[in-house]
């Protein structure tokens, strides 16, 4: 079972790198925010898996909860911020 | 129990992979939202359920509490992920990101 | 008063779940902070629910949830098929649609919006009063709205009339 979780976390790191491609590539600001959100969800789950691997889930689960909350708030904040600054979105969109 | 947990985790990984491939392949922002918003929330819930079940394998009060906490994360992801998707979609609509459509492709 | 007590009990249960310690110090700190939070923001958690039977609401949600989960799995398999299809651009036909809902309670509208976002090829973009703006990935997904899902949400969360 530990092997399965190890393989999963390796796959996770590959997927995270692929998400980072979307964050770097754009093309709009919102694509980057979306990529960040996806990375955040993945890292939440990855933290749980790492906790299982180290047999310290009771510690990692608190970090995962905090990470999920922060990820959600960061996404909402970024979306609201760009809702009120129309110029930024249109400059990037070409 | 362990087999159920393992298959849940594997199914979740599959949907995570689909979400990322969709994020990279789809032609415009709104369609990317579909891949990211849907696949990710289901995949996260599946993997989290799998980890919670695996954690329950050696049963005790402490592991039960930890599993309930993990379930709380699952519920939170289930509520928060569509809300975040909705917020980004609304921002895109207000900013005026052009949606891709079939007609543009044909011209 | 009832909402205050309900908020307090929910908060305390959540505190115990998150802290996982049962000695006098941690429990008393928990009771104190839950009391403060209840005092400051008791009207937020059970917003807009004046007189409703809690049993009916809970039962409705419990009956609605398995169906929703099944729909989400089906939706994800469809999205997976589209994503992994080599000629993906022929399959998708994105469009923006608008429809009016008959749901009245805010919580029911939110539940419908979240469900739409999670299921087949559709994302709720905006809710304005009873006007939903939905972005659909394919033509068939656009035509399926508002369908069975709205009826089921209405059955689960609207007061029986």
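Residue numbers (the numbering used here), protein chains in the order written: chain A, 1 to 94; chain B, 1001 to 1107; chain C, 2001 to 2161. Note that CB positions come from ideal geometry on N, CA and C, so glycine has one too.
Item, Value
"Contact with chain B by residue 2124 (chain C), beta-carbon distance below 8 Å", "yes"
"Proximity of residue 2099 (chain C) and residue 2069 (chain C) at Cβ, strictly below 8 Å", "no"
"At least three beta-carbon pairs within less than 8 Å, the segment 73 to 87 of chain A to the segment 1007 to 1018 of chain B", "no"
"Start-to-end residues for the beta strand (DSSP E) that takes in residue 2136 (chain C)", "2131 to 2136"
"C-beta neighbour in chain C for residue 1090 (chain B), strict 8 Å", "yes"
"CB contact below 8 Å: residue 24 (chain A) versus chain B", "no"
"CB contact check: residue 2097 (chain C) to chain B, cutoff 8 Å", "no"
"Three-state class that DSSP yields for residue 90 (chain A) in the structure shown", "Low per-residue confidence applies at residue 90 (chain A): pLDDT is 49, beneath 50, and the placement is therefore not dependable enough to give any value."
"One or two residues paired with residue 1040 (chain B) in a DSSP bridge", "In DSSP, residue 1040 (chain B) forms no bridge with anything."
"Three-state secondary structure (DSSP) of residue 56 (chain A)", "coil"
"Cβ-based burial, residue 84 (chain A) [other Cβ within 10 Å; buried from 16]", "exposed"
"DSSP bridge partner residues for residue 2099 (chain C) (one or two, in chain order)", "C:2132"
"Proximity to residue 2106 (chain C) [Cα-Cα], best of C:2153, C:2064 and C:2140", "C:2153"
"Same chain, Cβ closer than 7 Å to residue 91 (chain A), five either side skipped, listed in chain order", "The predicted position of residue 91 (chain A) is uncertain, since its pLDDT is 48 and thus under 50; no value can be drawn from it."
"CB contact flag (residue 2137 (chain C), residue 1034 (chain B), <8 Å)", "yes"
"Selected residue, minimal CA-CA separation from residue 1040 (chain B), among A:80, A:4, A:16 and A:6", "A:16"
"Residue(s) in a DSSP beta bridge with residue 11 (chain A)", "Paired residue(s): none; residue 11 (chain A) is not in a bridge."
"7 Å CB neighbourhood of residue 1078 (chain B) in its chain, flanking five on each side removed", "1041 and 1045"
"Contact set between the segment 1015 to 1027 of chain B and chain C, restricted to residues whose Cβ is under 7 Å from the partner", "1015, 1018, 1021, 1022, 1025 and 1027"
"Reference residue 1010 (chain B); option with closest CA among B:1082, B:1050 and B:1037", "B:1050"
"Residue from B:1025, B:1071, B:1030 and B:1019 with nearest C-alpha to residue 2195 (chain C)", "One cannot answer for residue 2195 (chain C) here, as it falls past the ends of chain C, which runs 2001 to 2161."
"Neighbouring residues, chain C, relative to residue 1041 (chain B) (Cβ below 7 Å)", "2118"
"Helix, strand or coil at residue 2119 (chain C) according to DSSP, with G and I counted as helix", "coil"
"Contact with chain C by residue 1072 (chain B), beta-carbon distance below 8 Å", "yes"
"Distance, residue 2072 (chain C) Cα to residue 2112 (chain C) Cα", "13 Å"
"Neighbour-count burial assignment, residue 2150 (chain C), 16 or more Cβ in a 10 Å radius", "buried"
"Residue 26 (chain A): first and last residue of the uninterrupted alpha helix (DSSP H) it sits in", "Segment: none, residue 26 (chain A) is in no alpha helix (DSSP H) and carries neither H nor E."
"Supposed close pair residue 2011 (chain C), residue 2037 (chain C) - CB separation, criterion 8 Å", "6 Å"
"For residue 80 (chain A) and residue 1087 (chain B), believed in contact at Cβ under 8 Å, the rounded distance", "7 Å"
"Beta-carbon proximity check, residue 1085 (chain B) vs residue 1037 (chain B), cutoff 8 Å", "yes"
"Beta-carbon contacts of residue 1055 (chain B) that lie in its chain and below 8 Å, excluding the five residues immediately before and after", "1063, 1066, 1067 and 1070"
"Limits of the alpha helix (DSSP H) - the one that residue 1057 (chain B) falls within", "Neither: residue 1057 (chain B) is in no alpha helix (DSSP H) and is coded neither H nor E."
"Per DSSP, the bridge partner or partners of residue 2127 (chain C)", "C:2132"
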